[in-house]
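A.B. asks: My structure is below; once you've seen it, I'll send some questions.
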Amino acid sequence: MKFVLLHHSSCPRGAFHYCIDPTGGIESLLSDSERGAHAQSIGIALSGDFNGARPTEAQLEALRGLLVGIKLRYPDIVIGGHRQVRGESTDCPGRRFPLAALREWSAEGLVEARDAAFASALERQYAPS
Ligand SMILES: [Zn+2]
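One gets my numbering by counting positions in the sequence shown from 1 and adding 3 to each.
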């Protein structure tokens, strides 16, 4: 997998790997090896239409947690919004989706969060019981 593509649930291309509801609940719809709406991409849809509202904090928090896990499995994966796919005319994941902030976090905070998750998994594995 090369990309994570973010969508909102008003997206017409409805084949996503994960869906995140407004309370932060994550539903897994496809396995990583199954093809979603776009080749080489893991699709994550957040419930809502973000041309009107913004995603909830719980949704964004769940999304960041999900991205940490994906980054552990695919260290070189790049995160973007559906509308960045060349040749597709869509505003998905919505004009009010905080894509710039999320991309900034993915460039700076994501690797740190991934390393912390990895370190704590290692500690759990080798901790004396
Ligand atoms: Zn979309």
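Using N, Cα and C, we set each Cβ at its ideal position, and we do this for glycine too. Treat the numbers as computed from the prediction; the structure is a model and nothing was measured.
Whole-angstrom Cβ separation of ALA56 and ARG99, contact assumed at under 8 Å?
C.D. replies: For this step, residue 56 is matched to residue 53 along the sequence shown. For this step, residue 99 is matched to residue 96 along the sequence shown. Right, the Cβ-Cβ distance comes to about 7 Å (below 8 Å), so this counts as a contact.
A.B. asks: Just list the alpha helix (DSSP H) runs in the stretch 29-96, keeping only unbroken ones of 4 residues or longer that don't cross its boundaries, in chain order.
C.D. replies: The stretch 29-96 contains these whole alpha helix (DSSP H) runs: 60-76.
A.B. asks: Per DSSP, what are the beta-bridge partners of PHE6 in this structure?
C.D. replies: Residue 6 sits at position 3 when you count from the first residue of the sequence shown. Note: PHE6 sits in a beta bridge opposite SER44 and VAL81.
A.B. asks: Return the CA-CA distance between HIS10 and HIS85, expressed in angstroms with no decimal places.
C.D. replies: Here residue 10 corresponds to residue number 7 of the sequence shown, with the count starting at 1. Here residue 85 corresponds to residue number 82 of the sequence shown, with the count starting at 1. Between HIS10 and HIS85, the C-alpha separation is close to 6 Å.
A.B. asks: From the DSSP output, read off the bridge partner residues of SER11.
C.D. replies: Taking the first residue of the sequence shown as position 1, residue 11 is located at position 8. Here residue 11 is His; the residue named in the question, Ser, does not match the sequence. LEU49, per the DSSP bridge assignment.
A.B. asks: Just checking my contact of VAL71 with LEU113 at CB under 8 Å: how many whole Å lie between their CB atoms?
C.D. replies: For this step, residue 71 is matched to residue 68 along the sequence shown. For this step, residue 113 is matched to residue 110 along the sequence shown. With a Cβ gap of about 7 Å, VAL71 and LEU113 count as contacting.
A.B. asks: Quick one: Cα of PRO96 to Cα of PRO131, how far?
C.D. replies: Within the sequence shown, the letter at position 93 stands for residue 96. Within the sequence shown, the letter at position 128 stands for residue 131. Rounded to the nearest angstrom, the two C-alpha atoms are 45 Å apart.
A.B. asks: Which residues bound the alpha helix (DSSP H) around ASP118?
C.D. replies: For the purposes of this step, residue 118 is taken as the residue at position 115 of the sequence shown. It spans 102-129 - the alpha helix (DSSP H) in which ASP118 sits, taken as one unbroken run.
A.B. asks: What's the gap between the Cα of SER31 and the Cα of HIS20?
C.D. replies: On the sequence shown, residue 31 is found 28 positions in, with the first residue counted as 1. On the sequence shown, residue 20 is found 17 positions in, with the first residue counted as 1. Rounded to whole angstroms, SER31 to HIS20 spans 6 Å at the Cα level.
A.B. asks: How about GLY46 and VAL7: do their beta carbons lie closer than 9 Å?
C.D. replies: Here residue 46 refers to the residue found at position 43 of the sequence shown. Here residue 7 refers to the residue found at position 4 of the sequence shown. Yes.
A.B. asks: Quick one, are the C-beta atoms of SER12 and GLY51 less than 9 Å apart?
C.D. replies: Taking the first residue of the sequence shown as position 1, residue 12 is located at position 9. Taking the first residue of the sequence shown as position 1, residue 51 is located at position 48. Cβ atoms of SER12 and GLY51: closer than 9 Å.
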